[in-house]
Amino acid sequence: MDETPEIPDLRSMALPNKPDCPIKYTFRSLSPSNESLSEAILIVFVNGLGLPQSSWQPTLQLLRADLAGSPPPLPSPSSSTGGDDSYAVAVTAATYDRYGQGLSQPLPPGAKPVSHDMLDAARDLTAFIDGVKSQHLTHLVSCGKPIHLFLVAHSLGVPLARLYAEHHAAEAPISALLVLDSNMANNDFVSLFPDPEDPGFDPGRDLPADTSIEQLQSARAFARAMFHPAAPNGENLDRTALPALLPQSDGPVLLGDDNTGGKLLLQVTGHDPENFAAESLKVWPRGLTERYVQPVWEKYNEGLLCIAGSEPAASGGVVTAPNSGHFIQKNNPRFVADEVVALLRRICRGGS
1 MDETPEIPDL RSMALPNKPD CPIKYTFRSL SPSNESLSEA ILIVFVNGLG
51 LPQSSWQPTL QLLRADLAGS PPPLPSPSSS TGGDDSYAVA VTAATYDRYG
101 QGLSQPLPPG AKPVSHDMLD AARDLTAFID GVKSQHLTHL VSCGKPIHLF
151 LVAHSLGVPL ARLYAEHHAA EAPISALLVL DSNMANNDFV SLFPDPEDPG
201 FDPGRDLPAD TSIEQLQSAR AFARAMFHPA APNGENLDRT ALPALLPQSD
251 GPVLLGDDNT GGKLLLQVTG HDPENFAAES LKVWPRGLTE RYVQPVWEKY
301 NEGLLCIAGS EPAASGGVVT APNSGHFIQK NNPRFVADEV VALLRRICRG
351 GS
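Numbered according to UniProt numbering, the sequence shown spans residues 1 to 352.
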């Protein structure tokens, strides 16, 4: 079994909308501390279902080393139009476990709201961001100074970040979003595979060479039990409405903050197909992945390129995380850290 990365400076926060059930989180500065700085970038890491906040610790260690240079490697966003480039912005980071995930306790029975769904989780994310700002960036909040929000989201965390941006970004606009192998929010995962009970099913046409009908049936059963929106999960997070909330990967278009001229800075990354196919061998044959899963996931990721309002060709395309299966931050934290720094630089250049 893999060792769980140690989480330094673990804290508790009671969200105003659920005051009786605190969540566990971390907050830290990634750049040299300087109380005189008049603006900050707040990076919030949003988990998927499979890995808790501890999975971000290797990436955070790399980022702290990357940003510890002297002189500071990042100019203030305010100086991006010709100011003093030696004036650095404070870079801070927060991680958290949702209710029933990692080190956070589950919501107690009878807790409100009765249905803890994706929209409720987006409200929790909003409350968490507000809490981090009020508790740790007080000097900037009280003076009305800029705090540029940067979300790094993995798997189910990506549709959660999209719902936050769609429904709550007026309260705290997003400067940048880093997508790490998004969950396919509009897909139940079972229907990726052909149904051998369907009258039109043709084994000669529909079965990969390495797959039997029994293996296909097993794959569909596994997908239904593990990945279907109605499948139970440790968070008791109701995902059944997710396909209706986000029916398309290419919309809705999400806005950025004033620093980037209202345009969201976006980077979409996906797993390495070779590593993902090998990873999937634990649950179904490689042929099923290559024929029925990988092409659909690639098309979904290409659609995500449009949520910043640009044509896919103008975005630079989906970036493949080398040597990474689905859990990119676990398989290749160096890649994640590099992508974060690249987007940090774009924030500090006002989006260019």
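Quick reminder that beta carbons are idealized off the backbone N, C-alpha and C, glycines included. Owing to the predicted nature of the structure, the values given are computational and were not obtained by experimental measurement.
- Annotated three-state conformation of residue 241 is coil, per DSSP.
- Non-local beta-carbon contacts of residue 289 in its own chain, meaning distances under 6 Å to residues more than five positions away in sequence, involve 277 and 280 in chain order.
- By the criterion of a C-beta distance shorter than 7 Å, residue 158 is surrounded in its chain by 179, 182 and 183, once the five residues flanking it on both sides are discounted.
- Counting along the chain, the unbroken beta strand (DSSP E) around residue 267 starts and ends at 265-270.
- By the C-beta density criterion, residue 144 is exposed, having fewer than 16 other C-beta atoms within 10 angstroms.
- Shown here for residue 242: same chain residues with a beta carbon closer than 7 Å to its own, the five before and five after excluded, namely 118, 159, 185 and 229 in chain order.
- Shown here for residue 272: same chain residues with a beta carbon closer than 8 Å to its own, the five before and five after excluded, namely 320, 321, 322, 323, 324 and 325 in chain order.
- Beta-bridge partners of residue 55 (DSSP): none assigned.
- By the C-beta criterion, the region 50-70 is judged not to be in contact with the region 185-200, since fewer than 3 inter-stretch pairs fall below 8 Å.
- Between residue 297 and residue 317, the beta carbon gap of about 15 Å keeps them out of contact (Cβ cut-off 8 Å).
- Membership of residue 226 in the alpha helix (DSSP H) is indicated by the continuous run 213-226.
- Within its own chain, the residues whose Cβ lies closer than 8 Å to the Cβ of residue 246, once the five positions on either side in sequence are excluded, are 159, 162, 163, 185 and 186, listed in chain order.
- Checking the DSSP bridge columns, you'll see residue 45 partnered with 95 and 152.
- Between the C-alpha atoms of residue 192 and residue 291 there is a straight-line separation of about 10 Å.
- Counting other Cβ atoms within 10 Å of its Cβ, residue 234 stays below 16 and is therefore classed as exposed.
- When only Cα atoms are considered, residue 194 and residue 211 end up about 12 Å apart.
- Sequence-distant Cβ neighbours of residue 45 in its own chain, meaning closer than 6 Å and more than five residues away, are 56, 95 and 152.
- In terms of Cα proximity to residue 346, the closest of 300, 261 and 331 is 261.
- Taking a C-beta distance under 8 Å as the contact criterion, residue 340 and residue 63 qualify as a contact pair.
- Sequence-distant partners of residue 266 (beyond 5 residues in either direction) whose C-beta falls short of 6 Å from its own C-beta, in its chain, are 177 and 308.
- Residue pairing by DSSP puts residue 12 in a beta bridge opposite 24.
- Residue burial annotation: residue 17 is exposed, with fewer than 16 other C-beta atoms found within 10 angstroms of its C-beta.
- In the three-state reduction of the DSSP assignment, residue 347 falls in the helix class.
- If you look at residue 141, you'll find it in the alpha helix (DSSP H) that goes 138-143.
- At the C-beta level, residue 150 and residue 42 come within 8 Å of one another.
- The DSSP-derived three-state label of residue 282 is coil.
- Inclusion of residue 90 and residue 29 in the CB contact set at 8 Å is warranted, their separation being smaller than that value.
- Residue 219 counts as buried, since at least 16 other C-beta atoms from the protein chains shown sit within 10 angstroms of its C-beta.
- Between residue 123 and the set 172, 214 and 66, the nearest pair of CA atoms involves 172.
- With contacts defined as CB atoms closer than 8 Å, residue 77 and residue 146 qualify as a contacting pair.
- Counted as a single uninterrupted DSSP element, the alpha helix (DSSP H) harbouring residue 160 occupies residues 157-167.
- If the five residues before and after residue 108 are omitted, its C-beta is found closer than 8 Å to the C-beta atoms of 20 and 21, all from its own chain and listed in chain order.
- A Cβ-Cβ distance of about 7 Å is found for the pair residue 213 and residue 203, placing them in contact under the 8 Å criterion.
- When only Cα atoms are considered, residue 169 and residue 263 end up about 13 Å apart.
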